[in-house]
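S.K.:
Residue numbers (our numbering), protein chains in the order written: chain A, -17 to 157; chain B, 23 to 304.
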């Protein structure tokens, strides 16, 4: 049977993460490390230890901003940002409840908006997110202010060939 | 020169100032823009955070659409630029993935056109000297810090942006349009934009840190090339720390005194007009 480490490496399909010599440069430069349950370097160690459940249940994988500072500075080219993408995708596929539920709900609202119009209509995406997250009132004043300044268009041009967009969603849904 | 133009979703909504000013300065700098036919969203963070194949296929669909015009494609939004460069990187490096994605999109990806951000085009193709010659109203008194953020620069082997830890192209552009650009150490720090809606409290702290650093560098505004940074820094910093935030194209347009150059300032959330008035720039 494949170990957790092998599974992650296969999905990253690049530099194997055991090339990490734990210098912690990734963590030193990570703007989110202080808010994370386990820092990025610790996640690598935990994958090496086979701690699948702990990793996929952690807040870290959702809090990663994909700013890519870690991969930029890693002396061994370990693609930690890509590793976080892989871990998020594995968590979703394994049916693990996202520790940072609202972050996943935001992604879902964004992608469902895209499936509808091919392009993101921001007011509609925000309404979707608010309904999914139950966080109805935050940013209401900001939204109103944006609307008054003409930054939020209730109707915006959509992609015409929606069939091609929906086809992409359909064909990648199990990948 | 003539290039394809991929505005992306932001430039039609929250980032409309970027679209308007980019079109205006392109006209003035003899860059003809041809919008990519029937483009769709690049998928941004939400696609790559949850489904790798989806993220590559959405970018591939747009790149294939742009390839029909056989010109380099200008991508002003840093997030779209990053997604396109990432897709190009993977599609060129991995034949199996390329075949799989072409099957998903239903068309062949040639990889023959360059994906370019406007800073690179203006700095390297138009040139800083040509830009200087078009300045009619130098932005004297404006003291911006240039903020590049993440998505134009990283990862470096994908984005191929010059001097990714201490970039200078934007700084030099601001200098030739007469601004007193301030040096600071936060040019490439992340503003937290991708979690601004779902983890607001954390992101407010990140924005505040940047605003404090800009103030310490004696800046009176921030200049950016990313609609996500713009949106985030324009809205999220705490009261008392906020500074006017500009797209670099808005400032170039103002320095060239192009028609409509003052209109885009009206839709900023944090109003930059008092500062510009005080400096006699509007």
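Where a beta carbon is used, it is the ideal one built from N, C-alpha and C, also for glycine.
No experiment lies behind these values; they were computed from the predicted model shown.
I want to know whether the region 228 to 246 of chain B touches the region 104 to 123 of chain A - three or more CB-CB distances under 8 angstroms.
M.R.: No, the region 228 to 246 of chain B is not in contact with the region 104 to 123 of chain A.
S.K.: What's the C-alpha gap between residue 126/B and residue 161/B?
M.R.: Between residue 126/B and residue 161/B, the C-alpha separation is close to 49 angstroms.
S.K.: Does residue 7/A come within less than 8 angstroms of chain B when only Cβ atoms are used?
M.R.: No, residue 7/A lies away from the interface with chain B (no Cβ there is under 8 angstroms from its Cβ).
S.K.: With a cut-off of 8 angstroms, do at least 3 Cβ pairs link the region 44 to 63 of chain B to the region 116 to 126 of chain B?
M.R.: Cβ pair count under 8 angstroms is below three, so no.
S.K.: Among 41/B, 68/B, 112/B and 283/B, whose alpha-carbon lies nearest the alpha-carbon of residue 181/B?
M.R.: Among 41/B, 68/B, 112/B and 283/B, the Cα nearest to that of residue 181/B is on 112/B.
S.K.: Between the beta-carbon of residue 164/B and the beta-carbon of residue 98/B, is there less than 8 angstroms?
M.R.: Not a contact, by the Cβ cut-off of 8 angstroms.
S.K.: Could you give the distance in angstroms between the alpha-carbon of residue 267/B and the alpha-carbon of residue 124/A?
M.R.: Approximately 17 angstroms between the Cα atoms of the pair.
S.K.: Is it true that the region 141 to 156 of chain A meets the region 79 to 88 of chain A, where meeting means three or more beta-carbon pairs spaced less than 8 angstroms apart?
M.R.: Too few Cβ pairs lie closer than 8 angstroms, so no.
S.K.: Compare the Cα-Cα distances from residue 65/A to each of 103/B, 132/B, 70/B and 102/B and report the closest residue.
M.R.: Of 103/B, 132/B, 70/B and 102/B, the residue nearest in Cα terms is 70/B.
S.K.: Between residue 73/B and chain A, is the shortest Cβ-Cβ distance under 8 angstroms, so that the two count as touching?
M.R.: So yes, residue 73/B belongs to the interface.
S.K.: Hey, is residue 100/A's beta-carbon within less than 8 angstroms of any beta-carbon in chain B?
M.R.: So yes, residue 100/A belongs to the interface.
S.K.: Within a Cβ cutoff of 6 angstroms, which residues of the same chain sit near residue 288/B, ignoring the five residues on either side of it in sequence?
M.R.: Excluding residues within five positions, none has a Cβ falling inside 6 angstroms.
S.K.: Of all the CB atoms in chain B, is at least one closer than 8 angstroms to the CB of residue 111/A?
M.R.: Interface residue, yes.
S.K.: With contact counted as at least three CB pairs below 8 angstroms, one residue from each stretch, are the region 122 to 140 of chain A and the region 89 to 109 of chain B in contact?
M.R.: The region 122 to 140 of chain A, when compared against the region 89 to 109 of chain B, does not touch it at the 8 angstroms Cβ threshold.
S.K.: If contacts are defined as beta-carbon pairs under 8 angstroms, then residue 315/B and residue 273/B qualify, I think. What distance do you get, rounded to the angstrom?
M.R.: Here chain B covers residues 23 to 304 and nothing more, so residue 315/B does not appear.
S.K.: Can you check DSSP and say which residues form a bridge with residue 269/B?
M.R.: Answer by DSSP bridge pairing, in chain order: 246/B.
S.K.: Strictly under 8 angstroms for the Cβ-Cβ distance: is residue 111/B near chain A by that measure?
M.R.: For residue 111/B, the answer is no, since every Cβ of chain A falls outside 8 angstroms of its Cβ.
S.K.: Residues of chain B with CB under 7 angstroms from residue 17/A, in chain order?
M.R.: Near residue 17/A (Cβ distances below 7 angstroms), the residues of chain B are 224.
S.K.: Show which residues of chain A have a CB atom less than 9 angstroms away from the CB atom of residue 214/B.
M.R.: Those within 9 angstroms of residue 214/B in chain A are 13, 14, 47 and 49.
S.K.: Is the Cβ of residue 122/A closer than 8 angstroms to any Cβ of chain B?
M.R.: Chain B contact via Cβ: absent.
S.K.: Look at the alpha carbon of residue 183/B and the alpha carbon of residue 174/B, and state the distance between them as a whole number of angstroms.
M.R.: The straight-line gap from Cα to Cα measures roughly 7 angstroms.
S.K.: Is residue 90/B buried or exposed, if buried means 16 or more other CB atoms sit within 10 Å of its CB?
M.R.: Residue 90/B is exposed by the Cβ-count criterion.
S.K.: Counting only runs that start and end within the region 35 to 67 of chain B, where is the alpha helix (DSSP H) found for 4 or more residues in a row?
M.R.: Runs found: 38 to 50.
S.K.: Between 11/A, 23/A and -3/A, which has its C-alpha nearest residue 4/A's C-alpha?
M.R.: With distances taken between Cα atoms, residue 4/A lies closest to 23/A.
S.K.: Starting from residue 76/A and walking both ways along the alpha helix (DSSP H), at which residues does that stretch end?
M.R.: Taken as a continuous stretch (DSSP letters only), residue 76/A belongs to no alpha helix (DSSP H), as it is neither H nor E.
S.K.: Who are residue 166/B's beta bridge partners in DSSP?
M.R.: Answer is 243/B.
S.K.: Can you check which of these residues, 84/B, 140/B, 131/B and 38/B, is closest to residue 24/B by C-alpha distance?
M.R.: The option with the nearest alpha carbon to residue 24/B is 140/B.
S.K.: What are the start and end residues of the beta strand (DSSP E) that includes residue 25/B?
M.R.: It spans 24 to 27 - the beta strand (DSSP E) in which residue 25/B sits, taken as one unbroken run.
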